[in-house]
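> First, the structure itself, so that you have it in front of you.
Number of protein chains: 2
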Amino acid sequence: MVFWKRLFNNTDISNTDQKSQFKGEPVKLKGQTDGQTRIFFTREREIDLYELEELCDAVGWARRPLRKVKRALTYSFMVVSAWEVKGNRKRLIGFARATSDHAFNATIWDVVIHPRFQSKGLGKGMMKYMIRQLRSEDISNITLFADPQVVDFYRRLGFVLDPEGIKGMFWYPD
Amino acid sequence: MVFWKRLFNNTDISNTDQKSQFKGEPVKLKGQTDGQTRIFFTREREIDLYELEELCDAVGWARRPLRKVKRALTYSFMVVSAWEVKGNRKRLIGFARATSDHAFNATIWDVVIHPRFQSKGLGKGMMKYMIRQLRSEDISNITLFADPQVVDFYRRLGFVLDPEGIKGMFWYPD
Numbered sequence: 001m002v003f004w005k006r007l008f009n010n011t012d013i014s015n016t017d018q019k020s021q022f023k024g025e026p027v028k029l030k031g032q033t034d035g036q037t038r039i040f041f042t043r044e045r046e047i048d049l050y051e052l053e054e055l056c057d058a059v060g061w062a063r064r065p066l067r068k069v070k071r072a073l074t075y076s077f078m079v080v081s082a083w084e085v086k087g088n089r090k091r092l093i094g095f096a097r098a099t100s101d102h103a104f105n106a107t108i109w110d111v112v113i114h115p116r117f118q119s120k121g122l123g124k125g126m127m128k129y130m131i132r133q134l135r136s137e138d139i140s141n142i143t144l145f146a147d148p149q150v151v152d153f154y155r156r157l158g159f160v161l162d163p164e165g166i167k168g169m170f171w172y173p174d
Numbered sequence: 001m002v003f004w005k006r007l008f009n010n011t012d013i014s015n016t017d018q019k020s021q022f023k024g025e026p027v028k029l030k031g032q033t034d035g036q037t038r039i040f041f042t043r044e045r046e047i048d049l050y051e052l053e054e055l056c057d058a059v060g061w062a063r064r065p066l067r068k069v070k071r072a073l074t075y076s077f078m079v080v081s082a083w084e085v086k087g088n089r090k091r092l093i094g095f096a097r098a099t100s101d102h103a104f105n106a107t108i109w110d111v112v113i114h115p116r117f118q119s120k121g122l123g124k125g126m127m128k129y130m131i132r133q134l135r136s137e138d139i140s141n142i143t144l145f146a147d148p149q150v151v152d153f154y155r156r157l158g159f160v161l162d163p164e165g166i167k168g169m170f171w172y173p174d
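Residue numbers (full-length UniProt numbering), protein chains in the order written: chain A, 1 to 174; chain B, 1 to 174.
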C-alpha cells in the first residue's frame, strides 16, 4: 500500500517561477519517482471557487451557489486543501474545512479528494494534517458527521462513533 | 402541562427603569398570574461570564476557563439566552450557542436551562426561538450532538437521529 509521507513542517517552497511559489506542507508518495510532481497540504485560503466546484463535481456532489460557498469559506475557522504541483502549474486535488468557536469545538465539513487520488492515502494524510492544525489552535473537541461509507475511514483516524451514547442529530422542518 | 407562549416578535420592551430595559422576545407561561415576572429570549450577547458559570454550575457541568468561554462566545455565530426579569432585576435562566459557516451549517452547543425552569417548556421554547433565528439567517442545516438523555427532547423539536445513516463522530487522541 502506498502512503503519503510528511517531509517538512510549514516550509515555504520557493521555485524560480512566481506561480510555483507555494506555501504549504509538502508530502511525498512513497516510492514516487516523478521529481517534477509535488503534493502539498496548506491552510492558505486562496482557492479559486470554480476550481473547487470542479473538484466537487468530480465526486458527484450537488452544486451549491458560489456566493454561499465563498461566504462559507470566509467564515470557516479553518480551510485545508491538497495540491498537485507540476512546475509552475498547480491543481486542487483535496479540500476540507471546519467551523469552530475558536476555543473548544471544531466540526469538519466538506471533505473531498479527487477520485484519481483516492485510495492512495491522500485523504488520510490531509485529515491528519487538519487534525494537527486544529490541535495546534488549542481545539480539543474535533467532531464531524460521517456518511455511512466513510465511518471506517474516520474510525481509523481516531474518530469515535457515538461516544458515551452522544448522537449526531439534524434538524428537518416539519 | 404548562408551556411558554410567544407573545411578540423582536419587541423592544422599555420600562421606567433603565436597568429593566431589555431587548428580546417576551414569552409567557400559560396561566402565569405574576405580572411582575417576565421571561425573555434574546440574541444579545451581553452575558456576564460569572452569571453564565453559575448557571452551568447549577446543572453540574465541569468548569471551564472563563478566558476560553469568553472566546467561544465571541466566535460563536449565535448566542441565545433566556432571562427572568423582575422589576429592574434580570437573571440568566437559559443559554445556548451555535457555531456556523454563516452560509450552510450551524451546530448547536452548550444548551442549558436552570433546574428550577426545567420541565416547564422553557428549553423547548428557547430551542424553537434559536431554530427560528438560525433559519432567519438562511442556515439550512442545523445540527447538534445530543447526550442520550436528551435525544427524545430534540426529536420532539424536529431533530432526526443519524439521517440516512450519517453518524456523529468525535476525535480522541491515540
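By construction, the Cβ of each residue, glycine as well, lies at the ideal position given by its N, Cα and C atoms.
#1: Can you pull out the residues from the stretch 155-170 of chain B whose beta carbon lies closer than 7 Å to at least one beta carbon of chain A?
#2: Following the continuous alpha helix (DSSP H) through residue 51 of chain B, name the residue where it begins and the one where it ends.
#3: Taking a contact to mean a Cβ-Cβ separation below 8 Å, would you say residue 123 of chain A touches residue 131 of chain A in this structure?
#4: Does the stretch 77-85 of chain A touch the stretch 98-117 of chain A, meaning 3 or more C-beta pairs lie closer than 8 Å?
#5: Is any beta-carbon of chain A found at less than 8 Å from that of residue 102 of chain B?
#6: Should residue 88 of chain B go down as buried or exposed, given a rule of 16 or more other Cβ atoms within 10 Å for buried?
#7: For a cutoff of 8 Å on Cβ pairs, would you count residue 28 of chain A as touching chain B?
#8: Which bits of chain B does residue 175 of chain A rub up against, with CB to CB less than 9 Å?
#9: So, at 7 Å on beta carbons, what are the nonlocal neighbours of residue 190 of chain B in its own chain, with the 5 sequence-adjacent residues on each side left out?
#10: Could you tell me which chain A residues have their CB closer than 9 Å to the CB of residue 75 of chain B, listed as they occur along the chain?
#11: Could you name the residues of chain A that residue 143 of chain B contacts, counting a contact when the two beta carbons are closer than 9 Å?
#12: Would the beta-carbon of residue 44 of chain A fall within 8 Å of that of residue 23 of chain A?
#13: Determine which residues of the stretch 49-71 of chain A have a Cβ less than 8 Å from any Cβ of chain B, and write them out in chain order.
#14: List the residues of chain B that residue 115 of chain A touches, going by C-beta distances under 7 Å, in chain order.
#15: Taking a cut of 7 Å between CB atoms, which residues from the stretch 124-137 of chain A lie near chain B?
#16: So, using beta-carbon positions, are residue 170 of chain A and residue 141 of chain B closer together than 8 Å?
#17: Taking CB distances under 8 Å as the criterion, tell me whether residue 85 of chain B reaches chain A.
#18: Would you tell me roughly how many angstroms separate the C-alpha atoms of residue 157 of chain A and residue 128 of chain A, rounded to the nearest one?
#19: Excluding sequence positions up to five away, which residues of its chain have a Cβ less than 6 Å from the Cβ of residue 74 of chain B?
#20: Should residue 165 of chain A and residue 145 of chain B be called a contact, given that it needs their Cβ atoms to be closer than 8 Å?
#21: Which chain B residues are close to residue 80 of chain A, counting only those with a beta carbon under 9 Å from its beta carbon?
#22: Going along the chain, which unbroken runs of the alpha helix (DSSP H) with 4 or more residues stay wholly within the UniProt domain "N-acetyltransferase" (39-174) of chain A?
#23: Are the C-beta atoms of residue 111 of chain B and some chain A residue less than 8 Å apart?
#24: According to the Cβ coordinates, are residue 66 of chain B and residue 106 of chain B closer than 8 Å?
#25: At the level of alpha carbons, what is the spacing between residue 72 of chain B and residue 55 of chain A?
#26: Here's the rule: buried if 16 or more other CB atoms are within 10 angstroms of the residue's CB, otherwise exposed. What is residue 101 of chain A?
#27: Can you tell me whether residue 154 of chain A is buried or exposed, with buried defined as 16 or more other CB within 10 angstroms of its CB?
#28: For the candidate residues A:36, A:62, A:57 and A:163, whose alpha-carbon lies nearest to that of residue 90 of chain A?
#29: Which term fits residue 27 of chain A, buried or exposed, when burial requires 16 or more other beta carbons within 10 angstroms of its beta carbon?
#30: Taking the straight line between their C-alpha atoms, what separation do you get for residue 109 of chain A and residue 160 of chain A?
#31: Go through its chain and collect everything with a Cβ distance to residue 78 of chain A's Cβ below 8 Å, but skip five positions before and after it.
According to the data block:
#1: 158, 159, 160, 161, 162, 163, 165, 166, 167, 168, 169 and 170
#2: Walking along the second sequence from the start, residue 51 of chain B turns up at place 51. Per DSSP, residue 51 of chain B belongs to the alpha helix (DSSP H) from 49-58.
#3: Along the first sequence, one-based indexing puts residue 123 of chain A at 123. Along the first sequence, one-based indexing puts residue 131 of chain A at 131. Contact flag unset, no.
#4: yes
#5: For the purposes of this step, residue 102 of chain B is taken as residue 102 along the second sequence, with counting starting at 1. True, the Cβ-Cβ gap to chain A drops below 8 Å.
#6: Working through the second sequence from its first residue, we reach residue 88 of chain B at position 88. By the neighbour-count rule (16 or more Cβ atoms within 10 Å), residue 88 of chain B is not buried but exposed.
#7: One-based indexing of the first sequence puts residue 28 of chain A at position 28. For residue 28 of chain A, the answer is no, since every Cβ of chain B falls outside 8 Å of its Cβ.
#8: Since the first residue shown for chain A is 1 and the last is 174, residue 175 of chain A is missing from the structure and cannot be characterised.
#9: As shown, chain B starts at 1 and ends at 174. That puts residue 190 of chain B outside it, with no answer to give.
#10: By 1-based counting over the second sequence, the position of residue 75 of chain B is 75. Those are 77, 100, 101, 102 and 103, listed as they occur along chain A.
#11: Residue mapping note: residue 143 of chain B aligns to position 143 of the second sequence, counting from 1. Residues of chain A passing the Cβ test: 107, 145, 168, 169, 170 and 171.
#12: If you number the first sequence from 1, residue 44 of chain A lands on position 44. If you number the first sequence from 1, residue 23 of chain A lands on position 23. In this structure, residue 23 of chain A lies closer than 8 Å to residue 44 of chain A by Cβ.
#13: 64, 68, 69 and 71
#14: Counting from 1 along the first sequence, the entry for residue 115 of chain A is found at position 115. Within chain B, no residue comes near residue 115 of chain A; the closest Cβ sits about 21 Å away, beyond 7 Å.
#15: 131
#16: Mapped onto the first sequence, residue 170 of chain A falls at position 170. Mapped onto the second sequence, residue 141 of chain B falls at position 141. Cβ atoms of residue 170 of chain A and residue 141 of chain B: closer than 8 Å.
#17: Residue 85 of chain B sits at position 85 when you count from the first residue of the second sequence. It does not: the Cβ of residue 85 of chain B has no partner Cβ on chain A nearer than 8 Å.
#18: Start at 1 with the first residue of the first sequence, and residue 157 of chain A comes out as number 157. Start at 1 with the first residue of the first sequence, and residue 128 of chain A comes out as number 128. Their Cα atoms are separated by approximately 7 Å.
#19: Walking along the second sequence from the start, residue 74 of chain B turns up at place 74. Closer than 6 Å at Cβ, skipping near neighbours: no residue.
#20: Along the first sequence, one-based indexing puts residue 165 of chain A at 165. Along the second sequence, one-based indexing puts residue 145 of chain B at 145. Against a cut-off of 8 Å, the Cβ pair of residue 145 of chain B and residue 165 of chain A comes out as no contact.
#21: Against the first sequence, residue 80 of chain A aligns to sequence position 80. Residues of chain B passing the Cβ test: none, with the nearest at roughly 14 Å.
#22: 49-58, 66-75, 122-136 and 151-156
#23: In the second sequence, counting from the first residue as 1, residue 111 of chain B sits at position 111. No, its Cβ sits nowhere closer than 8 Å to a Cβ of chain A.
#24: As a first step, residue 66 of chain B must be located in the second sequence, where it is residue number 66. As a first step, residue 106 of chain B must be located in the second sequence, where it is residue number 106. In this structure, residue 106 of chain B does not lie closer than 8 Å to residue 66 of chain B by Cβ.
#25: Within the second sequence, numbered from 1, the residue matching residue 72 of chain B stands at position 72. Within the first sequence, numbered from 1, the residue matching residue 55 of chain A stands at position 55. Going by the C-alpha atoms only, they are around 32 Å apart.
#26: If you number the first sequence from 1, residue 101 of chain A lands on position 101. With 16 or more other Cβ atoms within 10 Å, it is buried.
#27: The residue labelled residue 154 of chain A in the question sits at position 154 within the first sequence. Label assigned to residue 154 of chain A: buried.
#28: Here the question's residue 90 of chain A lines up with position 90 in the first sequence. Of the listed residues, the one whose Cα sits closest to residue 90 of chain A is A:36.
#29: By 1-based counting over the first sequence, the position of residue 27 of chain A is 27. Counting Cβ neighbours within 10 Å, residue 27 of chain A comes out buried, since at least 16 surround it.
#30: If you number the first sequence from 1, residue 109 of chain A lands on position 109. If you number the first sequence from 1, residue 160 of chain A lands on position 160. Their Cα atoms are separated by approximately 17 Å.
#31: For this step, residue 78 of chain A is matched to residue 78 along the first sequence. Answer for residue 78 of chain A: 43, 97, 98, 100, 106, 130, 133, 134 and 137, listed in chain order.
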